[in-house]
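Here it is in structure tokens:
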């Protein structure tokens with residue numbers, strides 16, 4: 001009995017200390033996300049391509065077989081950032097030589113002329129009220145357009161900007 005009481009006494013004096021469990025964070029690399037890109041216009045193999053989320057615009061051009069012989073290479077060098085990162089669902093449209101404005105010295109419109117959203121350069125788009133370089137690039141990246149109202153439908157411009165420019169733009 002004495003030894004049992006002694007064991008109980010020893011057990012009563014024992015304090016349970018909280019146990020600390022160390023869990024190390026896994027440093028395993030994250031699986032890259034897959035994105036889809038639609039590339040069309042003056043490329044050898046237009047279509048929809050799958051890339052990792054780290055892909056660049058140049059990767060899309062390479063996958064599409066490069067620029068076709070009819071591509072407007074001046075437009076590409078002036079308006080397309082080949083090092084830019086791709087984002088899921090983006091449309092890249094490379095214009096043909098006959099689609100772009102051949103008068104590169106004057107991006108402004110003549111009286112009564114409309115600016116073609118499918119072929120206008122960034123400099124030409126920048127001449128429109130409410131359209132700066134960032135919005136101009138969004139317009140270019142969302143090509144082609146079937147109707148000018150797509151600027152609103154795709155949420156590229158706000159309604160006040162659209163109302164101000166709708167008589168100065170067209171799609172062909």
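Residue numbers (UniProt numbering): 1 to 172.
Don't be surprised by glycine CBs; every beta carbon is placed ideally from N, CA and C.
This structure is a prediction, so every number in the text was calculated from the model and none was measured.
Rank the options by C-alpha distance to the C-alpha of residue i and give the top, closest one.
i, options, result
"residue 171", "146, 134 and 141", "146"
"residue 56", "78, 83, 43 and 35", "83"
"residue 119", "163, 74 and 162", "74"
"residue 143", "161, 80, 158 and 53", "80"
"residue 53", "33, 77 and 131", "33"
"residue 98", "159, 70 and 138", "70"
"residue 87", "162, 35 and 46", "35"
"residue 85", "67, 78, 61 and 66", "61"
Would you give the residue range spanned by the beta strand (DSSP E) that residue i belongs to?
i, result
"residue 138", "Per DSSP, residue 138 belongs to no beta strand (DSSP E); it is in the alpha helix (DSSP H), 133-141."
"residue 36", "34-41"
Under the three-state reduction of DSSP, which class applies to residue i: helix, strand or coil?
i, result
"residue 106", "With a pLDDT of 41 at residue 106, under the threshold of 50, the modelled position of this residue cannot be trusted, and the question is left open."
"residue 171", "coil"
"residue 98", "helix"
"residue 173", "Here the chain has residues from 1 to 172 only, and residue 173 is not among them."
"residue 52", "strand"
"residue 76", "helix"
"residue 146", "coil"
"residue 64", "coil"
"residue 196", "Nothing about residue 196 can be reported from this structure: the residues present for the chain run from 1 to 172 only."
"residue 116", "strand"
"residue 71", "strand"
"residue 156", "coil"
Is the beta carbon of residue i sitting closer than 8 angstroms to the one on residue j?
i, j, result
"residue 122", "residue 148", "no"
"residue 100", "residue 72", "yes"
"residue 168", "residue 128", "yes"
"residue 136", "residue 93", "no"
"residue 37", "residue 90", "yes"
"residue 164", "residue 96", "no"
"residue 132", "residue 157", "no"
"residue 44", "residue 64", "yes"
"residue 115", "residue 124", "yes"
Looking at the secondary structure, which residues open and close the alpha helix (DSSP H) in which residue i lies?
i, result
"residue 162", "159-165"
"residue 123", "122-125"
"residue 152", "150-153"
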